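K.L.:
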Amino acid sequence: MSRAHRSAAVSAWVIASALALTAMSPAPRPGPAERAGTAAASEAATAAEAAEASVIGEDHARAHARLRQAAQGTQGYPQTKRTASLTALRDSQARTNAGFDAARFGRFTQFFPSPDFGVHVAQLPTGKVLLFSFERTEEDPTKETGPTNTVGRTNAGRAYLWDPARGTGPRAFKKVAPPVVLMPDGSYAPRPAPFFCAGHAYLPNGMVGVFGGNVGGKGGSGAKLSFVFDPWTEQWYRNRDMSAGRWYPSVVTGADGRQIIMSGQSERGTGTPTPVAERFPALRHPVPRRSFDIPVDFASQRLRSDAPFRNDYPHLFSLRDGMIYGLGRDADQQWLFDPVKEVRTDLPRRPADFRGYGSAVPLPAGFRGPDSVLVLGGDPRDPHTYRLSRGRWTVEEPRAFGRTQDDTLILPDGSLLTVNGALDTRDYGHGPFNPDADLKYRQIELRDAHGRWRLGPAQRLPRGYHSNALILPDGRMMVTGDELQQIANDPDMKDGMDGSIELYEPAYLHRGPRPALDRVPAGELGHDTPFEVSSATPKDVARAVLLAPSTVTHSVNTSQRHLELRITGVRGTAIGLRTPPTAADAPPGYYMLFLLDAKGVPSIAKWVKLGLR
49 MSRAHRSAAV SAWVIASALA LTAMSPAPRP GPAERAGTAA ASEAATAAEA
99 AEASVIGEDH ARAHARLRQA AQGTQGYPQT KRTASLTALR DSQARTNAGF
149 DAARFGRFTQ FFPSPDFGVH VAQLPTGKVL LFSFERTEED PTKETGPTNT
199 VGRTNAGRAY LWDPARGTGP RAFKKVAPPV VLMPDGSYAP RPAPFFCAGH
249 AYLPNGMVGV FGGNVGGKGG SGAKLSFVFD PWTEQWYRNR DMSAGRWYPS
299 VVTGADGRQI IMSGQSERGT GTPTPVAERF PALRHPVPRR SFDIPVDFAS
349 QRLRSDAPFR NDYPHLFSLR DGMIYGLGRD ADQQWLFDPV KEVRTDLPRR
399 PADFRGYGSA VPLPAGFRGP DSVLVLGGDP RDPHTYRLSR GRWTVEEPRA
449 FGRTQDDTLI LPDGSLLTVN GALDTRDYGH GPFNPDADLK YRQIELRDAH
499 GRWRLGPAQR LPRGYHSNAL ILPDGRMMVT GDELQQIAND PDMKDGMDGS
549 IELYEPAYLH RGPRPALDRV PAGELGHDTP FEVSSATPKD VARAVLLAPS
599 TVTHSVNTSQ RHLELRITGV RGTAIGLRTP PTAADAPPGY YMLFLLDAKG
649 VPSIAKWVKL GLR
């Protein structure tokens with residue numbers, strides 16, 4: 049089987065076929081009409097398998113056929129099984145984590161229901177978290193949950209805000225439904241925009257640009273949709289359609305504050321990734337920098353250089369040289385893009401072979417922006433990590449074992465943390481579409497300042513495909529995602545809270561009191577500019593850090609960034625700091641500012657905004 053065919057995009061054929069199988073499931077005593085329908089469905093399935101084989105090869109198509117058979121699962125998944133499973137996971141988590149000292153490994157704390165699956169999440173500068181995904185079409189976790197191949201009204205998106213200041217109950221969540229749209233699927237059925245499996249990144253004014261989505265049919269097909277979510281008004285706004293449909297694209301914000309959009313399956317369906325690269329907003333539109341600069345009906349702009357990734361959701365990073373690094377899933381598709389000249393050049397081939405959904409992180413580099421990226425995960429057989437620095441690849445320290453569907457975050461103290469993971473897209477260690485999971489995939493891994501990894505405590509829920517995580521302003525980690533595991537362990541399928549969130553306290557929150565951060569400048573800060581903050585505990589402050597917020601999906605987190613601020617002096621309760629040198633070091637936008645003590649204990653962050661108009 050060709051490595052190039054091992055695409056996460058092509059895995060959508062599994063999703064589509066699983067949904068088709070759900071529709072084909074025969075009744076216990078089929079009548080003539082039902083038998084005819086089953087025969088027609090069987091012929092359709094055979095035709096679909098032949099078409100799939102023509103795209104990905106017969107061997108891979110046969111493997112997908114085995115997955116489809118597994119996806120049929122049982123004829124039901126009763127509530128008693130869900131509650132028993134969740135109880136077993138809670139108990140095994142408690143047993144496992146009893147041996148981990150919180151001051152060394154941190155600890156998982158709260159686990160609570162959410163109204164959304166959290167396929168996409170974004171930490172907003174208001175302190176709230178945006179979660180969005182799709183309306184489920186199935187409640188049996190041995191079958192696909194989402195409307196990937198659905199055409200019509202039920203192919204719809206949904207979105208919510210979680211406000212941590214309001215706690216963890218239903219009142220802490222607010223529905224922020226996407227705009228109602230008409231999709232070019234022939235159904236003429238209005239529905240909330242099906243923007244799941246889109247790409248997203250931040251604009252300088254704190255808004256989230258969201259691009260693409262699913263038209264449905266054809267194993268899932270790319271939508272041309274373009275939106276922004278405004279955290280200040282808590283509303284969605286639609287912009288002009290992109291020039292190409294995109295399902296599973298990637299987006300990154302460059303040094304000029306504009307967003308670069310690449311890859312994704314086109315409007316022609318799965319197996320047709322678009323090479324078209326676009327910029328939002330187009331150069332004729334201003335970059336939205338103020339909170340009231342809401343882009344409405346803005347257009348994107350096609351770049352002169354294409355980005356012909358064979359596989360979707362490439363990792364995109366804007367590094368300190370101002371260039372966009374496009375790290376594809378195929379080893380030979382590692383590219384450098386100049387967003388000003390609009391030119392693409394080759395980077396060296398990555399030493400590791402094809403990588404599925406795995407994480408990548410721009411490594412902290414002091415007060416300058418990152419100049420290297422660590423690629424990890426995506427291959428369950430390969431625990432090694434791979435570093436791209438100054439145009440060269442090196443093999444770095446391995447993790448305990450290989451995993452896919454993982455999320456790796458930069459913590460305020462500069463260490464890394466991996467959470468979530470699975471053996472394969474829908475395989476948690478005991479076969480595809482089997483909700484039982486190998487315990488090891490529930491354990492986090494921690495990387496210290498010397499690059500060494502060690503296993504840590506286990507999360508409550510196994511989370512693989514569509515799992516996500518981000519750092520909150522109080523330094524905790526929020527974990528969510530994986531709709532199959534969430535409905536498999538839902539304590540009440542009828543209450544409308546079919547997602548879940550778990551919180552983790554890193555070890556630094558168990559090493560003593562926090563330093564205080566009382567006030568920060570309210571206005572915009574220029575680059576390479578001095579400014580002051582106030583702290584009631586100035587003698588406890590050893591470091592000041594900017595941490596960019598995360599917006600993440602499918603293990604792709606293009607917005608992460610960690611910068612050490614230069615401390616220029618202390619005068620009473622005032623601490624003098626200096627911003628990063630250039631917009632290439634720190635693209636314009638909102639950052640969480642943490643003060644840390646000598647033990648790495650962070651303050652509660654306050655938001656600062658970089659970049660003058």
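Residue numbering for the sequence shown follows our numbering, starting at 49 and increasing by one per position.
The C-beta atom is built at its ideal place from N, Cα and C for all residues, glycine as well.
Computed from a prediction, not measured in an experiment: that's the story for all the values here.
Mind pulling the beta strand (DSSP E) runs of 3 or more residues that sit fully within the segment 233–300?
P.N.:
247–250, 256–259, 274–278, 283–286
K.L.:
Taking the alpha carbon of R490 as the point to measure from, which residue in P569, R377, T144, W295 has its own alpha carbon closest?
P.N.:
Answer by Cα proximity: T144.
K.L.:
Is the separation between the beta-carbon of R184 and that of T196 shorter than 8 Å?
P.N.:
Note that the C-beta distance between R184 and T196 is not below 8 Å.
K.L.:
May I have the straight-line CA-CA distance separating M49 from R358, to the nearest angstrom?
P.N.:
With a pLDDT of 32 at M49, under the threshold of 50, the modelled position of that residue is not reliable, and no figure is offered here.
K.L.:
Determine, using beta-carbon pairs with one atom in the segment 544–554 and one in the segment 580–587, whether at least three such pairs fall under 8 Å.
P.N.:
no
K.L.:
Tell me the DSSP secondary structure of S651 in three-state form.
P.N.:
coil
K.L.:
Just mark L509 as buried or exposed, buried being the case when its beta carbon has 16 or more other beta carbons within 10 Å.
P.N.:
So L509 counts as buried.
K.L.:
So, at 6 Å on beta carbons, what are the nonlocal neighbours of P597 in its own chain, with the 5 sequence-adjacent residues on each side left out?
P.N.:
Q171
K.L.:
Smallest Cα separation from T473: which of A506, Y405, R288?
P.N.:
Y405
K.L.:
Give me, in chain order, the residues of the same chain whose beta-carbon lies closer than 7 Å to that of V443; leave out the 5 immediate sequence neighbours on both sides.
P.N.:
P399, H432, Y434
K.L.:
Whose C-beta lies closer than 6 Å to the C-beta of G529 among residues of the same chain, with five residues either side of it excluded?
P.N.:
G166, R511, H514, S515, N516
K.L.:
Just checking: is the beta-carbon of R143 within a distance shorter than 8 Å of some beta-carbon in chain C?
P.N.:
Among the chains of the structure shown, chain C does not appear; only one protein chain is present.
K.L.:
Which residues does DSSP list as the beta-bridge partners of M545?
P.N.:
Answer is none; M545 lacks a bridge partner.
K.L.:
Suppose you measure from the CA of L251 to the CA of L641; what does that come to, to the nearest Å?
P.N.:
18 Å
K.L.:
Just grab the DSSP bridge partners of H363 for me.
P.N.:
L375
K.L.:
Is it right to say E390 is buried, meaning 16 or more other beta carbons lie within 10 angstroms of its own, or is it exposed?
P.N.:
exposed
K.L.:
Look up R435 in the DSSP assignment and give the residues it is bridged to.
P.N.:
L422, T442
K.L.:
Nearest to A225 by CA position, among E187, K191, E282, is which residue?
P.N.:
E282
K.L.:
Does the distance from the CB of P428 to the CB of T452 come in under 8 Å?
P.N.:
yes
K.L.:
Please report how far the alpha carbon of L367 lies from the alpha carbon of P563, in whole angstroms.
P.N.:
30 Å
K.L.:
Could you check whether F259 and R294 sit closer than 8 Å to each other, using their CB atoms as the reference points?
P.N.:
yes
K.L.:
Which residue spans inside the segment 485–523 form an unbroken beta strand (DSSP E) run of at least 3?
P.N.:
As summarised for the segment 485–523, the continuous beta strand (DSSP E) elements at least 3 residues long and confined to that stretch are 491–495, 501–506, 515–519, given in chain order.
K.L.:
Could you give the first and the last residue of the continuous beta strand (DSSP E) run that contains E192?
P.N.:
Premise fails: E192 is in no beta strand (DSSP E) and is neither H nor E.
K.L.:
Once the 5 residues before and after R559 are set aside, which same chain residues still bring their CB inside 6 Å of it?
P.N.:
Answer for R559: A151, K647, V649, listed in chain order.
K.L.:
Who are the Cβ neighbours of P362 in its own chain at under 7 Å, not counting the five residues just before and after it?
P.N.:
S298, M310, S311, G374, L375, G376, R377
K.L.:
Going by DSSP, which residues form a beta bridge with A408?
P.N.:
Beta-bridge pairing links A408 to V423.
K.L.:
From the DSSP output, in three-state form, read off F357 for me.
P.N.:
Per DSSP, reduced to three states, the secondary structure at F357 is coil, with no helix or strand assignment.
K.L.:
Quick check: the segment 588–595 against the segment 229–241, are at least 3 beta-carbon pairs closer than 8 Å?
P.N.:
no
K.L.:
Contact check, Q141 vs A506 under 8 Å by CB: the rounded distance?
P.N.:
5 Å
K.L.:
Hey, out of D164, Y556, I458, whose CA is closest to Y208's CA?
P.N.:
D164
K.L.:
Span of the alpha helix (DSSP H) holding R143?
P.N.:
Note, R143: alpha helix (DSSP H), 127–145.
K.L.:
Which class does A570 belong to by DSSP, given the choice of helix, strand or coil?
P.N.:
Three-state result, A570: coil.
K.L.:
With a threshold of 6 Å on Cβ separation, who are the neighbours of D633 within its own chain once the five nearest residues in sequence on each side are excluded?
P.N.:
Cβ within range, chain order: R368, R416, G417.
K.L.:
Could you round the C-beta distance between A241 and G205 to whole angstroms and report it? I think they count as a contact, below 8 Å.
P.N.:
5 Å
K.L.:
Take C245 as the anchor and find which of V604, D576, L465, R500 has the nearest alpha-carbon.
P.N.:
V604
K.L.:
Sorted by chain position, which residues of the same chain lie with C-beta nearer than 6 Å to E580's C-beta, five sequence neighbours on each side aside?
P.N.:
Within the same chain, A622, G624 come within 6 Å of E580 by CB-CB distance, once the 5 residues on both sides are set aside.
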